[in-house]
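Asker: Dropping the structure in here first, questions after.
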Amino acid sequence: NWVGSSNENNTLCISGAPGLWKSALSSTTVSRLKDSQANPLAVFFIRRQGDRDPQSIWRTVAYQLALSFPKYREHLWKTLREDTRNEGVKRQFGILIKKPFNDIYRHSSQVVPVVVIDALDECLLETEEDVRELLCTITDWRTIPPSCKLIVFSRPESIIVRRLKADGVCERIILPSGD
15 NWVGSSNENN TLCISGAPGL WKSALSSTTV SRLKDSQANP LAVFFIRRQG DRDPQSIWRT
75 VAYQLALSFP KYREHLWKTL REDTRNEGVK RQFGILIKKP FNDIYRHSSQ VVPVVVIDAL
135 DECLLETEED VRELLCTITD WRTIPPSCKL IVFSRPESII VRRLKADGVC ERIILPSGD
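Using the working numbering, read the sequence shown as starting at 15 and increasing by one per residue.
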């Protein structure tokens, strides 16, 4: 129901301690979203051994959305005039996600994207500036039309919880640890 709603927070943060199967839950969520809707879906899984660079998140999400969402792809094509790889996380978010979504959904649209980011806490190992900018983009998601949804899975690391809780920008689900 949350994905189909446009009158609630458009960000959902699901957190839990290590070993609580958050990545399995995110994979199941992605599978169910793919099965239950025709809406574009972009997924970014952050892995310990893989690329944890916060600067690659919004580029990857934009690429995946462009593959499945022609209206977004057209808008992105018009917007991009230069390579954004060297731009900061915040600027990439503005160019690749925020501006296109605000332009497309300013007058509403029937096709609504869902973005899933798994293991956000894994990015905390990168530079402090990149992490701060990434968390800023997560909280800035609220400035995107409410029908555009973001689901974030993460450990309850203090900097993430503090930022998202203080700003009140998301619905939160805390997975019980069984203790």
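We treat Cβ as the ideally placed atom computed from N, Cα and C, and that holds for glycine.
Work out the CA separation of I109 and V44 for me, nearest whole Å.
Answerer: Approximately 25 Å, taken between the alpha carbons.
Asker: Can you give me the C-alpha to C-alpha distance between V125 and V57, rounded to a whole angstrom?
Answerer: Near 17 Å, if we compare the C-alpha coordinates of V57 and V125.
Asker: Taking only the alpha-carbon atoms, compute the straight-line gap between V17 and R105 and give it to the nearest angstrom.
Answerer: The straight-line gap from Cα to Cα measures roughly 26 Å.
Asker: For W15, count the other beta carbons within 10 Å of its own beta carbon; 16 or more makes it buried, fewer makes it exposed. Which is it?
Answerer: Looking at the sequence shown, residue 15 is not Trp but Asn. With fewer than 16 other Cβ atoms within 10 Å, it is exposed.
Asker: Mark A76 as exposed unless 16 or more other C-beta atoms lie within 10 angstroms of its C-beta, in which case mark it buried.
Answerer: Buried, since its Cβ has 16 or more Cβ neighbours within 10 Å.
Asker: Determine whether the beta carbon atoms of T25 and C184 lie at a separation below 7 Å.
Answerer: Cβ distance < 7 Å, so T25 and C184 count as in contact.
Asker: Give a single yes or no on whether L26 has its beta carbon closer than 6 Å to a heavy atom of the ligand FAD.
Answerer: With respect to small molecules bound, the structure shown includes none, and the ligand FAD cannot be examined in it.
Asker: For the beta strand (DSSP E) containing R186, name the first residue and the last one.
Answerer: That run of the beta strand (DSSP E) goes E185 to I188.
Asker: Smallest Cα separation from W72: which of A80, K48, L94 and I111?
Answerer: Cα-wise, what sits closest to W72 is I111.
Asker: G30 and L178 - do their beta-carbons sit closer together than 7 Å?
Answerer: Their beta carbons are not under 7 Å apart, which means L178 does not touch G30 by this criterion.
Asker: Determine the DSSP secondary structure at D154, reduced to helix, strand or coil.
Answerer: Reduced to three states, the DSSP call for D154 is helix.
Asker: Out of R176, T157 and F167, which has the shortest C-alpha to C-alpha gap to A38?
Answerer: That would be F167, whose Cα lies nearest to the Cα of A38.
Asker: In the structure shown, what three-state DSSP assignment does F83 receive?
Answerer: Of the three classes helix, strand and coil, the one that applies to F83 here is coil, per DSSP.
Asker: Using a Cβ-Cβ cut-off of 7 Å (strictly less than) and excluding sequence neighbours within five positions of P114, which residues of its own chain qualify?
Answerer: Once the five neighbours on either side are set aside, the close Cβ partners of P114 are Y86, H89, L90 and T93.
Asker: May I ask which residues mark the beginning and end of the beta strand (DSSP E) holding V166?
Answerer: Counting along the chain, the beta strand (DSSP E) containing V166 begins and ends at K163 to S168.
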